[in-house]
Amino acid sequence: MKEAPLVEHLEELRARILWSLLAWAVGTGVAWTFRVPLLDWLKRPLDLAAKQYGIAVNLIVLDITEPFLVSLKVAAFGGLVLALPFIVYQVWAFIAPGLYEHEKRLAVPFLLGAGFSFALGALFAYYAFLPFAVPFLLGFLGDVVTPQISIGRYMGQILMMLTVMGVVFEMPVVSYLLARLGILTSAFLARNWRIAVVLLLTLAAVITPTVDVVSLFIVSGPLLVLYWVSVLVARLAERQRPQEAA
Numbered sequence: 000m001k002e003a004p005l006v007e008h009l010e011e012l013r014a015r016i017l018w019s020l021l022a023w024a025v026g027t028g029v030a031w032t033f034r035v036p037l038l039d040w041l042k043r044p045l046d047l048a049a050k051q052y053g054i055a056v057n058l059i060v061l062d063i064t065e066p067f068l069v070s071l072k073v074a075a076f077g078g079l080v081l082a083l084p085f086i087v088y089q090v091w092a093f094i095a096p097g098l099y100e101h102e103k104r105l106a107v108p109f110l111l112g113a114g115f116s117f118a119l120g121a122l123f124a125y126y127a128f129l130p131f132a133v134p135f136l137l138g139f140l141g142d143v144v145t146p147q148i149s150i151g152r153y154m155g156q157i158l159m160m161l162t163v164m165g166v167v168f169e170m171p172v173v174s175y176l177l178a179r180l181g182i183l184t185s186a187f188l189a190r191n192w193r194i195a196v197v198l199l200l201t202l203a204a205v206i207t208p209t210v211d212v213v214s215l216f217i218v219s220g221p222l223l224v225l226y227w228v229s230v231l232v233a234r235l236a237e238r239q240r241p242q243e244a245a
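Mapping of the sequence shown onto numbering that gives the first Met the number 0: position 111 corresponds to residue 110, and the numbering continues sequentially without gaps.
Written out as structure tokens, the structure reads:
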């Protein structure tokens, strides 16, 4: 007896999730061998703050499992970056059978755009925001206090910022894809810009470790620009749809 289509789709979905997790695990294993250089790279904003204020900043360990957990966390982030193109491909391969031939040609641009956008967002957080935010936070009380920072909490905050900004920078790519597939329209995005502004400002306030207006602007400014770029690319995708249909 032939299985129901829904069961077949669920089986395929499970298989693609397992393949994605396996790719992430393999990428984590590769990144594990480079965990010390990665830790040093992620520590540079802290070193910059220490140099700027002329203070000694120590990363401390609060329990015996923290070094291993931090190394695993950093390796998992590096593994996610390495496996991201394969994971995005699995998502595409799952939805591709329901698309027309001209829509399937979006696979390569979508994969390249997704990887590039995530990397661009993470680099923006690392080079544009963290060099400002970390020194500001550490120098807030001057030499009244001597910073003793948990390495687990520090790496967790840095990795969260890099990951969130990487995901948020996917907005134009996702908007273009959904518009080309006829799921999303630029008119809908433009009509609901006020709601988007509130949501993006809320997101910026959540992921920003500081409470000052300047830091909030540094994070929320690019998010708002990305939203309007998403509107423009969605409009471009809509203009391409009649040509493909013809």
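Where is the CB? At the ideal position from N, CA and C, for every residue including glycine.
In angstroms with no decimal places, state the Cα-to-Cα distance between residue i and residue j.
i: R190; j: F67; result: 48 angstroms
i: E65; j: L12; result: 35 angstroms
i: L37; j: V69; result: 11 angstroms
i: V90; j: R15; result: 8 angstroms
i: I148; j: D62; result: 13 angstroms
i: L177; j: A233; result: 8 angstroms
i: V228; j: H8; result: 34 angstroms
i: I206; j: E100; result: 40 angstroms
Taking its Cβ as the centre, do 16 or more other Cβ atoms sit within 10 Å of residue i, making it buried, or is it exposed?
i: E169; result: buried
i: F115; result: exposed
i: A82; result: buried
i: G112; result: buried
i: K1; result: Residue placement at K1 is flagged as unreliable, the pLDDT there being 44, under the threshold of 50; the coordinate-derived value follows with that caveat. With fewer than 16 other Cβ atoms within 10 Å, it is exposed.
i: P96; result: exposed
i: R193; result: exposed
i: V6; result: exposed
i: I182; result: exposed
i: R179; result: buried
i: V107; result: exposed
i: L161; result: buried
Excluding sequence positions up to five away, which residues of its chain have a Cβ less than 6 angstroms from the Cβ of residue i?
i: P44; result: L129, P130 and V133
i: L137; result: A48 and P146
i: L235; result: none
i: L158; result: F76
i: E175; result: The question names Glu, yet the displayed sequence has Tyr at residue 175. Excluding positions up to five away in sequence, the list reads V232 and A236.
CB-CB under 8 angstroms to residue i, same chain, minus the five flanking residues each way: which ones, in chain order?
i: D46; result: V56
i: K103; result: A95
i: A92; result: R15
i: F117; result: V80, L83, G165, V166, F168 and E169
i: V87; result: F109, L110, A113 and G114
Enumerate in chain order the residues of its own chain whose CB-to-CB distance from residue i is below 7 angstroms, with the five nearest sequence positions on each side excluded.
i: P84; result: L110 and G114
i: M164; result: G120, A121, F123 and A124
If we define contact as Cβ-Cβ less than 8 angstroms, is residue i a contact residue for chain C?
i: L111; result: Reference to chain C is not applicable here, since this structure consists of a single protein chain.
Three-pair Cβ contact test at 8 angstroms for the region 69–83 versus the region 25–38: At 8 angstroms Cβ cutoff, the stretches touch.
Report yes or no: do the region 12–22 and the region 127–134 share at least 3 C-beta pairs separated by less than 8 angstroms? Too few Cβ pairs lie closer than 8 angstroms, so no.
Would you say the region 35–51 touches the region 153–160, given that touching needs at least three Cβ pairs under 8 angstroms? These segments touch.
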